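Numbered per full-length UniProt numbering, the sequence shown spans residues 1 to 648.
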Amino acid sequence: MSQVETYPVPQQIADNAWVDEPKYNKMYQQSIDDPEGFWAEHGKRIHWFKPFTQVKDVHFGADDVHIRWFYDGTTNAAYNCIDQHLPHKKDDTAIIWEPDDPRENARHISFGELHEEVSRLANGLKALGVGKGDRVSIYMPMIPEAATAMLACARIGAVHSVVFGGFSPDSLASRIQDAEAKVVITADEGLRGGRKIPLKQNTDEAVANCPSVQAVVTVKRTGGGIQWHDGRDHWYHEVLEKASSDCPAEEMSAEDPLFILYTSGSTGKPKGVLHTTGGYLVHTSMTHQYVFDYHDGEVFWCTADVGWITGHSYIVYGPLANGATTVIFEGVPNYPNASRHWEVIDKHKVNIYYTAPTAIRALMREGNGPVEKTSRDSLRILGTVGEPINPEAWRWYHEVIGKGKCPIVDTWWQTETGGILITPLPGATPAKPGSATLPFFGVKPVLVDNEGNHLEGATHGNLCIADSWPGQMRTIHGDHERFVQTYFSMYPGRYFTGDGARRDEDGYFWITGRVDDVLNVSGHRMGTAEIESALVLHDKVAEAAVVGYPHDLKGQGIYAYVILNAGEEETEALRKELVDICKKEIGPIAKPDLVQFASGLPKTRSGKIMRRILRKIAEDDYSSLGDTSTLADPGVVDDLIENRQNRS
Ligand code: 6R9
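Structure below.
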């Protein structure tokens, strides 16, 4: 493996950060030696109506799991995100909304205004029959009302279930049904990259099969034509008009559910990941402060969609609990052009920018021109999440976007973990491109082999977490047994993440991807990400995805799908160069056996490559491609099949 460079913490950042290296070491040690004491102290960071006296009650058994944090305390998430800031921040901006079309006006919503709107909607929901513990589905575009809807639910103790606006009516229906939601909040249409998404129409289709739904509340976003169902349908603005703005936040137990969020597993239907109130808020607000080194008054922009966990934790709950200004962006990175993100950063003076490697790679493909048209002088900290970042994209992010002065935090976590678990801290952790580095406070990552034996030192294995942390999911909605089975039965006593990881000689973690993505070639384990990183080093390559396929001699062979930069020619000579670059960067064992030039990769609408499909195509097995309906562009699959490389 090629030598990796280390990027030291810039002195100026370390001097002003919440945590520098000695402090990280001290706090981390304390959090592991005395978790009760550590969390008793840090649990106080949020507002409690009734302070907790009990910190933690956790049992990870092979067939019995329970997780409770701060469980005799009472609090409210909306109170934490809004009311507690009113005395000193009433007129400060809570939400900056940037619309899809830059010619439309941005909106600035103060904490005072957010308080009023959330309170009205909360009363409106009550009037529609929603009470504590009831579920509300939210199927919205990236508009401020999405956050308002989440917070209105939290205010009255209702449990929200946000469904990504890119999902089909069927996917929406199955999520509403599983949650037995009483109300759905949506918009007439969404707007993304100039295209309209018929959210209300999709909702109508979905709700036709959802007997639990008594009311649909619709935000007027575009004014496009919609069907109206008298008695069931309500305009959002009319619900607000009719409702009082006086709605005290409900006193919730720390362990009352805050939300359900559906996520795909390797098998079965999507799981309703359930998060509760107190621990989740402690974890998201604390990680938001320390991981992004957030300081009062800074503008924070997480580019995720609120339909994913990243949007929940780092657009809404974490930043707002800390009184930050959070940016909600309706659009996409390449509309109207590839400078869009950088222009938004300049326009709103964004200090902290948090995005996904897939977006970075897409923008990198456009070259430096669109970036260099903008100043980005406000930027201080950069972050990534969602997948391993290849060192080449990391360096481009660092050098071109951040002009070499902004630390990058590569944050590893999952829907299930609620918030960030493995990450650098900007003032404390020297970075290595491609490594999520070290555990956050209170997090005990362990690597185990397939038999569950703990592995020590520099090694690789299955990534488990040995003890609970406050933001951990508590159960799968309606199926606690599946929760125990999925996450705790494989390696009893530990939470199994489903990811593989490598730990280097400095104790840094390198996430290699889902364990089923790890290749075993002639007995050597290799992360597909490693090979992909090598391939994209080639200056003609825009993106690459690597999977394994059955190979007579090696066990698994390496199959590489490669997307070239616009205008590049697909030649045999180039194919050879790509094989050689893998050999050069990693070693002969990493040489792809087959390289397919592709025009696109099958991706979910959140930008994750669907490797299951790539594996099936590489395996020559098209009979069980599974559900391709959630793909951003289902057409790429046919193209991939047609151009599959012959192996016989
Ligand atoms: C937050 C989020 C979780 C899976 C996770 C892992 C991958 C996330 C990563 C990363 C490498 C990172 N992942 N962050 N891999 N480096 N910094 O993405 O949640 O959608 O549930 O996905 O994403 O494989 O297990 P979720």
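Every residue, glycine too, gets a C-beta built ideally from N, C-alpha and C. It should be emphasised that the depicted structure is a prediction, and the values quoted were computed from it without experimental measurement.
Neighbourhood of Gln227 by C-beta distance below 8 Å, restricted to the same chain and skipping five residues each side: Numbered from its first residue, the sequence shown carries residue 227 at position 227. Closer than 8 Å at Cβ, skipping near neighbours: Lys200, Gln201 and Asp204.
Any 3 or more C-beta pairs closer than 8 Å across the stretch 91 to 103 and the stretch 126 to 139: no
Leu379 in three-state terms, based on DSSP: The count along the sequence shown starts at 1 and reaches residue 379 at position 379. Coil, per DSSP.
Cβ separation of Ser435 and Tyr508, assumed to be a contact under 8 Å, to the nearest whole Å: Along the sequence shown, read from residue 1 onward, the residue named residue 435 stands at position 435. Along the sequence shown, read from residue 1 onward, the residue named residue 508 stands at position 508. Indeed, because the Cβ distance is near 5 Å, the residues count as touching under 8 Å.
Heavy atom of ligand 1 within 7 Å of Asp436 beta-carbon: To locate residue 436, count along the sequence shown from 1; it is residue 436. It should be pointed out that residue 436 corresponds to Ala in this sequence rather than to Asp. Ala436: yes, Cβ under 7 Å from ligand 1.
For Tyr354, the residue or residues it bridges with in DSSP: The residue you call residue 354 lines up with position 354 of the sequence shown. BP columns for Tyr354 point to Cys302 and Gly383.
Length of the line joining the Cα atoms of Ala149 and Asp188: Reading the sequence shown from its first residue, position 149 is the one you call residue 149. Reading the sequence shown from its first residue, position 188 is the one you call residue 188. The straight-line gap from Cα to Cα measures roughly 15 Å.
Three CB pairs or more closer than 8 Å across the stretch 288 to 301 and the stretch 376 to 384: yes
Boundaries of the alpha helix (DSSP H) in which His551 is found, first to last residue: Along the sequence shown, one-based indexing puts residue 551 at 551. It is not in any alpha helix (DSSP H) - His551 instead sits in the beta strand (DSSP E) that spans Val541 to His551.
Beta-bridge partners of Arg68, as assigned by DSSP: The residue you call residue 68 lines up with position 68 of the sequence shown. According to DSSP, which records beta bridges pairwise, Arg68 is partnered with Asp57.
Cβ-based burial, Lys242 [other Cβ within 10 Å; buried from 16]: Taking the first residue of the sequence shown as 1, we reach residue 242 at position 242. Exposed: under 16 other Cβ atoms inside 10 Å.
Sheet register partners of Gly272 (DSSP bridge): As a first step, residue 272 must be located in the sequence shown, where it is residue number 272. Per DSSP, Tyr262.
Ligand 1 heavy atom lying under 7 Å from the CB of Ile476: As a first step, residue 476 must be located in the sequence shown, where it is residue number 476. Flag unset: Cβ of Ile476 not near ligand 1.
Opposing strand residues paired with Cys464 [DSSP bridges]: Taking the sequence shown and counting its residues from 1, one reaches residue 464 at position 464. Its beta-bridge partners are Val446 and Phe496.
Straight-line gap, Tyr79 to Phe597 (C-alpha atoms, nearest Å): If you number the sequence shown from 1, residue 79 lands on position 79. If you number the sequence shown from 1, residue 597 lands on position 597. Straight-line Cα distance between these residues: approximately 53 Å.
beta-carbon Ile511 near ligand 1 non-hydrogen atom, thresh 7 Å: Numbered from its first residue, the sequence shown carries residue 511 at position 511. Yes - ligand 1 has a heavy atom lying nearer than 7 Å to the Cβ of Ile511.
Reference Arg361, options Asp83, Ser137, Asp57 and Trp396, closest by Cα: One-based indexing of the sequence shown puts residue 361 at position 361. For the residues Asp83, Ser137, Asp57 and Trp396, the minimum Cα distance to Arg361 belongs to Trp396.
Cα-Cα separation between Asp91 and Pro248, rounded to whole angstroms: Here residue 91 refers to the residue found at position 91 when the sequence shown is read from its first residue. Here residue 248 refers to the residue found at position 248 when the sequence shown is read from its first residue. Each residue's Cα considered, the two are about 20 Å apart.
Start-end ranges of the beta strand (DSSP E) lying completely within the stretch 305 to 330, minimum 3 residues: 325 to 329
Where Pro439 falls, given that 16 or more other Cβ within 10 Å makes a residue buried: Locating residue 439 in the sequence shown gives position 439, counting from the first residue. Buried, because 16 or more other Cβ atoms sit within 10 Å of the Cβ of Pro439.
Ala573, buried or exposed, once every other Cβ within 10 Å from all chains shown has been counted against 16: Here residue 573 corresponds to residue number 573 of the sequence shown, with the count starting at 1. Burial call: exposed.
Leu191 versus Glu585: straight-line alpha-carbon distance, rounded: Residue numbering aside, residue 191 sits at position 191 when the sequence shown is read from its first letter. Residue numbering aside, residue 585 sits at position 585 when the sequence shown is read from its first letter. Approximately 42 Å between the Cα atoms of the pair.
Cβ-heavy atom distance, Thr74 to ligand 1, below 7 Å: By one-based count along the sequence shown, residue 74 stands at place 74. No - ligand 1 has no heavy atom lying nearer than 7 Å to the Cβ of Thr74.
Reference Leu240, options Pro426, Ala304 and Glu145, closest by Cα: The residue you call residue 240 lines up with position 240 of the sequence shown. That would be Glu145, whose Cα lies nearest to the Cα of Leu240.
Start-end ranges of the alpha helix (DSSP H) lying completely within the stretch 92 to 175, minimum 4 residues: 111 to 127 and 144 to 156
Inter-residue spacing [alpha-carbon to alpha-carbon] between Pro634 and Tyr622: In the sequence shown, the residue the question calls residue 634 occupies position 634. In the sequence shown, the residue the question calls residue 622 occupies position 622. Spanning the two alpha carbons is a distance of roughly 14 Å.
Distance between Lys576 and Gly419 (C-alpha atoms, nearest Å): The residue labelled residue 419 in the question sits at position 419 within the sequence shown. The residue labelled residue 576 in the question sits at position 576 within the sequence shown. Going by the C-alpha atoms only, they are around 42 Å apart.
Entirely enclosed alpha helix (DSSP H) segments - the stretch 219 to 260, minimum 4 residues: 236 to 242
Rounded separation between Glu117 and Tyr236 - CA only: On the sequence shown, position 117 is the one that residue 117 refers to. On the sequence shown, position 236 is the one that residue 236 refers to. So the alpha carbons of these two residues sit roughly 11 Å apart.
N- and C-terminal bounds of the alpha helix (DSSP H) containing Tyr46: Here residue 46 refers to the residue found at position 46 when the sequence shown is read from its first residue. According to the sequence provided, residue 46 is Ile. The question's Tyr does not apply to it. Note, Ile46: premise wrong, no alpha helix (DSSP H); not H, not E.
Proximity of Trp469 and Leu421 at Cβ, strictly below 8 Å: Residue numbering aside, residue 469 sits at position 469 when the sequence shown is read from its first letter. Residue numbering aside, residue 421 sits at position 421 when the sequence shown is read from its first letter. Yes, these two residues count as a Cβ contact at 8 Å.
Gln414 beta carbon near ligand 1 (any heavy atom closer than 7 Å): Taking the first residue of the sequence shown as 1, we reach residue 414 at position 414. Gln414: yes, Cβ under 7 Å from ligand 1.
Ala338, DSSP secondary structure in three states: The count along the sequence shown starts at 1 and reaches residue 338 at position 338. Coil at Ala338, not helix or strand.
Three-way DSSP call (helix, strand, coil) for Asp633 in this model: Here the question's residue 633 lines up with position 633 in the sequence shown. Asp633: coil per DSSP, three-state reduction.
Collapsed DSSP secondary structure at Gly369 in the structure displayed: Taking the sequence shown and counting its residues from 1, one reaches residue 369 at position 369. It is helical.
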